[in-house]
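Visitor: Going down the list, the protein sequences come from chains A, B and C.
Under our numbering, the letters of the first sequence match residues 351 to 818, in that order.
Under our numbering, the letters of the second sequence match residues 41 to 465, in that order.
Under our numbering, the letters of the third sequence match residues 231 to 350, in that order.
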Amino acid sequence: MTVYEKSAAGRRGFIPEPCDVPAAALGAIVGEENLRKTPAALPEMSEIDTVRHYTALAKKNFGVDTGFYPLGSCTMKYNPKINEQLASLPGFLSAHPFAPDEMNRGCLRLMAELERMLCAICGMEAFSLQPAAGAHGELTGLMCMAAYFAKQGQSHRNVILIPDSAHGTNPASAAQAGFSVRAVPSGRDGLVDPATLREAAEAAGGALVGLMLTNPNTLGLFEKNIMEVAGIIHGAGGLLYYDGANLNAVMGVTSPGAMGFDVMHLNLHKTFSAPHGGGGPGAGPVGAGKLLAPFLPGGGQDSIGRVRAYRGSFGVLVRAYCYIRALGASGLREASESAVLNANWLLNRLSGAYDAPYGERCMHEFVLSAAAMKEQTGVSAMDIAKGLIDKGFHPPTVYFPTIVPESLMTEPTETESPETLEAFAAAMLSLAEDAKRNPEALHSAPVTTPVGRLDATAAARQPIIKSR
Amino acid sequence: MGSYIPAAKREREKLLGGLGMTSAEELFAAVPPECRIGTMNLPPPLSEPELRRELEALAADNKAPLFIGAGLYDHYIPAAVDALCSLPEFVTAYTPYQPEISQGTLTAIFEFQTAICRLTGLDAANASMYDAATAASEAMLMSAAQTKRKHVIVTAATHPHIKETLRTYARFNGLTVSEAPFDGRGQAALDTAPHGAACVIAQSPNFFGVIEPMRGISAWASGAGAVPVAVCDPLSLGILESPGEMGFAIAVGECQPLGSPVSFGGPHAGYLAAKESFLRRLPGRIAGETGEVGGGKRGFVLTLQAREQHIRREKATSNICSNAALSALRATVYLALLGPEGLRETAALCAQKAAYLRAKLQETGIKPLFDASYFREFAVDTVLDGAAALENPRGSLIAVTEKRTKAEMDAFTALALSQKKGVSI
Amino acid sequence: MRAYSKDHEWIGVEGGVGTVGITDYAQAQLGDIVFCETEPPGTVLSAGETAGAVESVKAASDIFSPVSGEILEINDAPAEDPSLLNSAPDQTWLFKIRLSNPAELDALMDENDYADYCRG
Numbered sequence: 351m352t353v354y355e356k357s358a359a360g361r362r363g364f365i366p367e368p369c370d371v372p373a374a375a376l377g378a379i380v381g382e383e384n385l386r387k388t389p390a391a392l393p394e395m396s397e398i399d400t401v402r403h404y405t406a407l408a409k410k411n412f413g414v415d416t417g418f419y420p421l422g423s424c425t426m427k428y429n430p431k432i433n434e435q436l437a438s439l440p441g442f443l444s445a446h447p448f449a450p451d452e453m454n455r456g457c458l459r460l461m462a463e464l465e466r467m468l469c470a471i472c473g474m475e476a477f478s479l480q481p482a483a484g485a486h487g488e489l490t491g492l493m494c495m496a497a498y499f500a501k502q503g504q505s506h507r508n509v510i511l512i513p514d515s516a517h518g519t520n521p522a523s524a525a526q527a528g529f530s531v532r533a534v535p536s537g538r539d540g541l542v543d544p545a546t547l548r549e550a551a552e553a554a555g556g557a558l559v560g561l562m563l564t565n566p567n568t569l570g571l572f573e574k575n576i577m578e579v580a581g582i583i584h585g586a587g588g589l590l591y592y593d594g595a596n597l598n599a600v601m602g603v604t605s606p607g608a609m610g611f612d613v614m615h616l617n618l619h620k621t622f623s624a625p626h627g628g629g630g631p632g633a634g635p636v637g638a639g640k641l642l643a644p645f646l647p648g649g650g651q652d653s654i655g656r657v658r659a660y661r662g663s664f665g666v667l668v669r670a671y672c673y674i675r676a677l678g679a680s681g682l683r684e685a686s687e688s689a690v691l692n693a694n695w696l697l698n699r700l701s702g703a704y705d706a707p708y709g710e711r712c713m714h715e716f717v718l719s720a721a722a723m724k725e726q727t728g729v730s731a732m733d734i735a736k737g738l739i740d741k742g743f744h745p746p747t748v749y750f751p752t753i754v755p756e757s758l759m760t761e762p763t764e765t766e767s768p769e770t771l772e773a774f775a776a777a778m779l780s781l782a783e784d785a786k787r788n789p790e791a792l793h794s795a796p797v798t799t800p801v802g803r804l805d806a807t808a809a810a811r812q813p814i815i816k817s818r
Numbered sequence: 041m042g043s044y045i046p047a048a049k050r051e052r053e054k055l056l057g058g059l060g061m062t063s064a065e066e067l068f069a070a071v072p073p074e075c076r077i078g079t080m081n082l083p084p085p086l087s088e089p090e091l092r093r094e095l096e097a098l099a100a101d102n103k104a105p106l107f108i109g110a111g112l113y114d115h116y117i118p119a120a121v122d123a124l125c126s127l128p129e130f131v132t133a134y135t136p137y138q139p140e141i142s143q144g145t146l147t148a149i150f151e152f153q154t155a156i157c158r159l160t161g162l163d164a165a166n167a168s169m170y171d172a173a174t175a176a177s178e179a180m181l182m183s184a185a186q187t188k189r190k191h192v193i194v195t196a197a198t199h200p201h202i203k204e205t206l207r208t209y210a211r212f213n214g215l216t217v218s219e220a221p222f223d224g225r226g227q228a229a230l231d232t233a234p235h236g237a238a239c240v241i242a243q244s245p246n247f248f249g250v251i252e253p254m255r256g257i258s259a260w261a262s263g264a265g266a267v268p269v270a271v272c273d274p275l276s277l278g279i280l281e282s283p284g285e286m287g288f289a290i291a292v293g294e295c296q297p298l299g300s301p302v303s304f305g306g307p308h309a310g311y312l313a314a315k316e317s318f319l320r321r322l323p324g325r326i327a328g329e330t331g332e333v334g335g336g337k338r339g340f341v342l343t344l345q346a347r348e349q350h351i352r353r354e355k356a357t358s359n360i361c362s363n364a365a366l367s368a369l370r371a372t373v374y375l376a377l378l379g380p381e382g383l384r385e386t387a388a389l390c391a392q393k394a395a396y397l398r399a400k401l402q403e404t405g406i407k408p409l410f411d412a413s414y415f416r417e418f419a420v421d422t423v424l425d426g427a428a429a430l431e432n433p434r435g436s437l438i439a440v441t442e443k444r445t446k447a448e449m450d451a452f453t454a455l456a457l458s459q460k461k462g463v464s465i
Numbered sequence: 231m232r233a234y235s236k237d238h239e240w241i242g243v244e245g246g247v248g249t250v251g252i253t254d255y256a257q258a259q260l261g262d263i264v265f266c267e268t269e270p271p272g273t274v275l276s277a278g279e280t281a282g283a284v285e286s287v288k289a290a291s292d293i294f295s296p297v298s299g300e301i302l303e304i305n306d307a308p309a310e311d312p313s314l315l316n317s318a319p320d321q322t323w324l325f326k327i328r329l330s331n332p333a334e335l336d337a338l339m340d341e342n343d344y345a346d347y348c349r350g
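#1: Measuring straight from C-alpha to C-alpha, what distance separates LYS236 of chain C and ALA281 of chain C?
#2: Kindly list, in the order they appear in chain C, the residues whose Cβ is closer than 9 Å to that of ARG811 of chain A.
#3: For the region 269 to 297 of chain C, which residues have a CB atom closer than 9 Å to at least one CB atom of chain A, in sequence order?
#4: In angstroms with no decimal places, state the Cα-to-Cα distance between ILE327 of chain C and MET339 of chain C.
#5: Under 9 Å between the Cβ atoms of LEU691 of chain A and ARG52 of chain B?
#6: Shortest alpha-carbon distance to ILE202 of chain B belongs to which of A:TYR660, A:MET732, A:GLY634 and A:SER478?
#7: Report the option in A:GLN435, A:ILE398 and A:ASP399 whose CA atom is closest to the CA atom of GLU88 of chain B.
#8: Please state whether the Cβ-Cβ distance between VAL754 of chain A and PRO707 of chain A is less than 9 Å.
#9: Are the beta-carbon atoms belonging to PRO625 of chain A and ARG669 of chain A less than 9 Å from one another?
#10: For CYS165 of chain B, which three-state DSSP category applies?
#11: How would you list, in chain order, the residues of chain B whose beta-carbon sits under 9 Å from the beta-carbon of MET759 of chain A?
#12: Please return the same chain residues whose Cβ sits closer than 8 Å to the Cβ of LEU95 of chain B, not counting the five positions on each side in sequence.
#13: Cβ of PRO253 of chain B within 9 Å of Cβ of ALA261 of chain B?
#14: So what does DSSP say about ILE465 of chain B, is it helix, strand or coil?
#15: Looking at the strands, I want to know which residues DSSP matches up with PRO408 of chain B.
#16: Just grab the DSSP bridge partners of VAL748 of chain A for me.
#17: Could you check whether the region 322 to 336 of chain B touches the region 801 to 814 of chain A, counting it as contact only if at least three pairs of C-beta atoms, one from each stretch, sit closer than 8 Å?
#18: What residues in the region 549 to 575 of chain A bring their beta carbon closer than 8 Å to a beta carbon of chain C?
#19: Flag GLN435 of chain A as yes if its beta-carbon sits less than 9 Å from any beta-carbon of chain B, otherwise no.
#20: Can you tell which of A:ALA599, A:ALA595 and A:PRO606 has the C-alpha that lies nearest to the C-alpha of LEU589 of chain A?
#21: Any contact between the region 396 to 415 of chain A and the region 52 to 66 of chain B? By contact I mean 3 or more CB pairs, one from each, below 8 Å.
#22: I need the straight-line Cα distance from THR568 of chain A to PHE340 of chain B, nearest angstrom please.
#23: Mind reading off the beta-carbon distance from VAL271 of chain B to ALA172 of chain B? Whole number of angstroms is fine, and I expect it under 8 Å.
#24: Taking the alpha carbon of LEU302 of chain C as the point to measure from, which residue in C:GLY350, C:VAL274 and C:ALA345 has its own alpha carbon closest?
#25: Counting beta carbon pairs with one atom in the region 416 to 432 of chain A and one in the region 785 to 793 of chain A, are three or more of them shorter than 8 Å?
#26: Pick helix, strand or coil for ILE327 of chain C, following the three-state DSSP scheme.
#27: Since ASP421 of chain B and ILE438 of chain B should fall inside the 8 Å C-beta cutoff, what is the C-beta to C-beta distance between them, to a whole number of angstroms?
#28: At a cut of 8 Å, does the region 759 to 766 of chain A reach the region 716 to 726 of chain A through at least three beta carbon pairs?
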């Protein structure tokens with residue numbers, strides 16, 4: 351039930367304080383003609399009913415604090431409790447971006463230091479903390495590329511190359527930045543093939559903007575030809591964009607700057623431990639090398655300008671700052687090492703029962719395929735995902751990347767113990783057995799959840815998107 | 041020093057051994073030496089107590105203003121909002137891709153969509169945007185796609201950050217933006233605005249706190265074949281007429297006043313609502329009601345996903361993926377607690393207290409810049425400490441929420457008077 | 231007689247007017263179709279240009295016009311009940327188009343060639 355069905359006329363959950371000044375007639379202040387005639391039909395709830403309603407809703411959710419959440423490319427690592435507390439310090443919560451700088455010294459110092467630390471981690475020249483999420487960061491970085499070429503008198507450059515394994519946000523952001531997208535097919539090894547890339551760059555010719563790349567890519571593979579790839583793009587007059595969604599694999603090992611990238615974004619809610627909030631808010635700071643730094647939001651005359659109001663998702667920035675300060679250089683490198691170790695260990699355990707189309711080594715995540723299983727038993731990747739739910743785990747990302755049929759993209763992160771990994775592996779292996787013995791049961795999973803499988807087709811055919 | 045890796049060093053070595061490796065370095069065999077880096081130049085790690093000390097010092101080095109608003113307002117947040125929105129199952133979940141274990145988030149999104157539709161008087165709302173500025177930019181792109189027009193009008197008294205964001209988005213989408221100036225009363229004048237625009241974007245209350253003649257603006261836009269887009273503070277809709285009722289096809293705004301702290305500008309949530317005809321052009325996540333396959337219990341799923349980036353890629357209606365779910369939850373819980381009466385009372389308190397301070401200042405000779413109707417904020421002709429500075433026209437912007445007491449307002453007036461005297465000397 | 235495009239549209243032509251729909255193969259690939267949308271009558275298209283879109287829960291596909299011409303009429307039935315495109319794709323046409331260059335039909339496949347094409 352929604353809060354609207356629980357509403358009862360006349361109930362109050364919060365009563366504002368009485369007015370301590372002589373109250374003028376509202377119409378005289380806001381204008382009679384502007385007064386609302388019918389109040390919005392908001393729920394009428396007591397405080398305890400509201401508390402129970404949302405507490406009950408929370409119980410129907412699964413979070414990192416509930417259990418293992420190996421959602422690929424989302425880096426569902428533990429969100430340290432201390433960071434939540436510190437981001438909620440009254441001195442931060444009440445600071446106002448329109449107050450004079452001398453009233454915001456602490457916030458400004460934290461942001462400046464965070465920018466510097468992100469530069470050190472990523473090998474970038476400058477960071478803008480404005481973007482509100484990863485996709486917003488992509489858009490911002492791509493706009494910087496467009497502005498750079500406009501400044502060079504090369505506005506005709508509008509073709510961007512994006513591997514077919516890329517996150518959907520990459521082509522969507524590129525389109526929103528005004529670019530035309532050409533997909534680059536991945537090679538048999540799951541990597542960008544330099545020869546194919548060279549052809550694509552030549553085909554784009556003088557219109558080439560550059561390449562968007564995630565490294566390691568969404569298959570969990572490190573693009574080992576990255577230096578050659580960078581050379582091809584730069585040689586053709588293009589620029590390299592780094593999608594930082596998978597940075598958790600390589601902190602302290604390599605950096606986007608060292609790999610030759612010109613501009614990038616980070617997802618502070620992934621690599622830097624800010625919680626995901628059920629779908630945000632996140633933060634997607636954009637870093638740029640020397641060439642593109644002048645074009646970042648908040649810069650000088652070449653800046654693309656503002657991409658949002660105010661200075662950024664400050665509360666998320668505080669959490670990321672705390673995470674980096676707590677770990678330091680050695681701790682961040684250790685986090686990446688452990689993330690890659692955990693992923694490899696899991697891949698090793700599972701690659702017999704499931705197809706591992708790209709071999710037995712990975713970075714921080716890996717993609718399994720249930721295609722053969724589906725053909726033999728009728729059990730799909732989605733069935734396995736739902737079966738995992740009944741065993742107490744959040745499923746991996748399913749059906750992405752689309753270049754792998756029946757894919758299960760698994761990212762354990764570093765914040766999981768060997769026992770958790772082993773329990774998950776055991777669950778996956780037992781589901782593979784169930785697929786052979788009792789596929790029907792898996793088709794009807796999950797059975798332990800507040801609701802069973804929901805009819806997404808009906809929802810889309812006759813959308814009901816608000817309470818009646 | 042802090043480490044969130046549960047496995048002891050010994051255990052990690054065992055896992056490595058299981059992979060036939062002796063050192064963690066072997067895990068990175070695929071990373072070529074040419075792009076390896078040395079130690080990152082970061083300050084030494086901190087233990088939790090040290091970290092707390094450092095952050096407490098940083099937090100203490102800020103000072104909260106009492107009368108600055110300019111788009112972000114210091115409203116009272118009921119304790120239950122913080123308590124409920126800190127529940128770890130809400131905080132540590134992600135996008136509800138698996139509906140069976142995400143009914144909490146999905147139901148809350150559905151409730152948020154409902155609340156936004158009811159407040160704005162429009163048909164369809166999404167799960168949230170990053171903020172009002174990006175929501176307005178998406179509304180601009182929706183309008184341009186719908187009308188196939190390339191020019192956009194925004195009222196000049198719209199928040200400067202919204203206008204700047206619109207210009208950035210417009211530039212890279214081949215759109216141009218012009219501003220409809222404000223008149224002596226601080227209200228938009230459209231008589232010189234060009235016809236043939238994709239949309240007219242108007243904020244009310246505007247940046248100066250003035251309530252715009254919204255019915256006239258939407259009528260002008262519709263008459264010119266442009267999509268009327270309102271930027272409205274949702275809290276103001278407790279007493280002000282809804283944009284839907286006033287003829288707007290799209291409404292966007294900033295949800296911060298609904299239960300989120302100012303927090304130096306973020307994170308907050310934006311909202312975007314529109315008439316039914318824009319349903320398939322909406323950006324981002326939308327939750328929808330359905331039932332179990334083959335009938336049974338009711339439940340909620342993400343729906344109309346074929347609009348979105350993970351399916352449509354470069355043809356998606358927007359690139360937005362993560363939005364601002366937890367901030368939207370704060371708004372949802374806030375509205376559930378306040379209800380229609382609480383929201384009306386809170387909005388009324390803001391207007392009445394603003395009227396009190398405006399009159400008090402006027403008594404001291406500090407004049408309002410505009411005489412049109414206003415809601416919670418007003419501009420005066422004097423630059424005052426403790427208020428947001430205005431450059432054009434020169435003066436100050438003063439916001440008064442329901443939290444401000446008579447004592448605070450009287451003290452502010454006294455201080456303002458002394459500053460005014462100081463200036464005149 | 232019907233002709234088939236590589237983008238999985240079928241077209242039947244009568245009196246210089248083509249009737250276009252999506253093939254059974256196309257609907258099977260998409261899964262349960264939840265929405266379809268066609269450009270309005272009066273739209274002039276070149277062969278291969280987007281004439282609309284169909285969506286399922288997990289996929290979306292543009293509809294490409296197999297021939298050049300002007301859209302004369304669109305079928306409201308699949309817009310109102312998209313499941314028709316799953317249950318009866320061969321009978322559920324999407325739009326009628328006046329062919330401006332009938333020679334383009336020669337570039338399309340016949341039923342047998344199309345069946346081979348779908349088998350890959």
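Even glycine gets a Cβ: it sits at the ideal position worked out from N, Cα and C.
Guide: In short:
#1: LYS236 of chain C and ALA281 of chain C: Cα-Cα distance of roughly 15 Å.
#2: Within 9 Å Cβ-Cβ: ASP262, ILE263, VAL264, PHE265, ASP311, PRO312 and SER313.
#3: Per Cβ criterion, the list reads GLU285, SER286, VAL287 and LYS288.
#4: ILE327 of chain C and MET339 of chain C have their C-alpha atoms roughly 18 Å apart.
#5: Taking 9 Å as the cut-off, the Cβ atoms of LEU691 of chain A and ARG52 of chain B count as close.
#6: If you compare the alpha carbons of A:TYR660, A:MET732, A:GLY634 and A:SER478 with that of ILE202 of chain B, the shortest gap goes to A:TYR660.
#7: If we check each option's Cα against that of GLU88 of chain B, A:GLN435 comes out closest.
#8: Taking 9 Å as the Cβ cut-off, VAL754 of chain A and PRO707 of chain A qualify as a contacting pair.
#9: Yes, the pair counts as a contact, with Cβ atoms nearer than the cut-off.
#10: Cys is not the amino acid found at residue 165 of chain B; the sequence shown has Ala there. DSSP places ALA165 of chain B in strand when its eight states are reduced to three.
#11: Taking the beta carbon of MET759 of chain A as reference, no residue of chain B falls within 9 Å; the closest one sits roughly 11 Å away.
#12: Excluding the 5 residues flanking it on each side, LEU95 of chain B has no same chain C-beta neighbour closer than 8 Å.
#13: Contact check for PRO253 of chain B against ALA261 of chain B fails: the beta carbons are separated by 9 Å or more.
#14: Low per-residue confidence applies at ILE465 of chain B: pLDDT is 39, beneath 50, and the placement is therefore not dependable, though the value from the model is reported in the following sentence. Correct three-state label for ILE465 of chain B: coil.
#15: Under DSSP, PRO408 of chain B shares a beta bridge with B:VAL420.
#16: The beta-bridge partner set that DSSP reports for VAL748 of chain A consists of A:LEU758.
#17: Taking a cut-off of 8 Å for Cβ pairs, the region 322 to 336 of chain B and the region 801 to 814 of chain A touch, as three or more such pairs fall below it.
#18: So nothing in the stretch comes that close.
#19: Closer than 9 Å: yes.
#20: The shortest C-alpha separation from LEU589 of chain A is found at A:PRO606.
#21: Contact fails: fewer than three Cβ-Cβ distances are below 8 Å.
#22: Taking the straight line from one Cα to the other gives about 29 Å.
#23: About 6 Å separates the Cβ atoms of VAL271 of chain B and ALA172 of chain B, confirming a contact at the 8 Å cut-off.
#24: Distance from the Cα of LEU302 of chain C is smallest, within the candidate group C:GLY350, C:VAL274 and C:ALA345, for C:VAL274.
#25: Because the criterion of three Cβ pairs below 8 Å is not met, the region 785 to 793 of chain A and the region 416 to 432 of chain A do not touch.
#26: Three-state result, ILE327 of chain C: strand.
#27: No, ASP421 of chain B and ILE438 of chain B are not in contact; Cβ-Cβ is about 12 Å, not under 8 Å.
#28: Contact between the region 759 to 766 of chain A and the region 716 to 726 of chain A is present, because at least three Cβ pairs lie under 8 Å.
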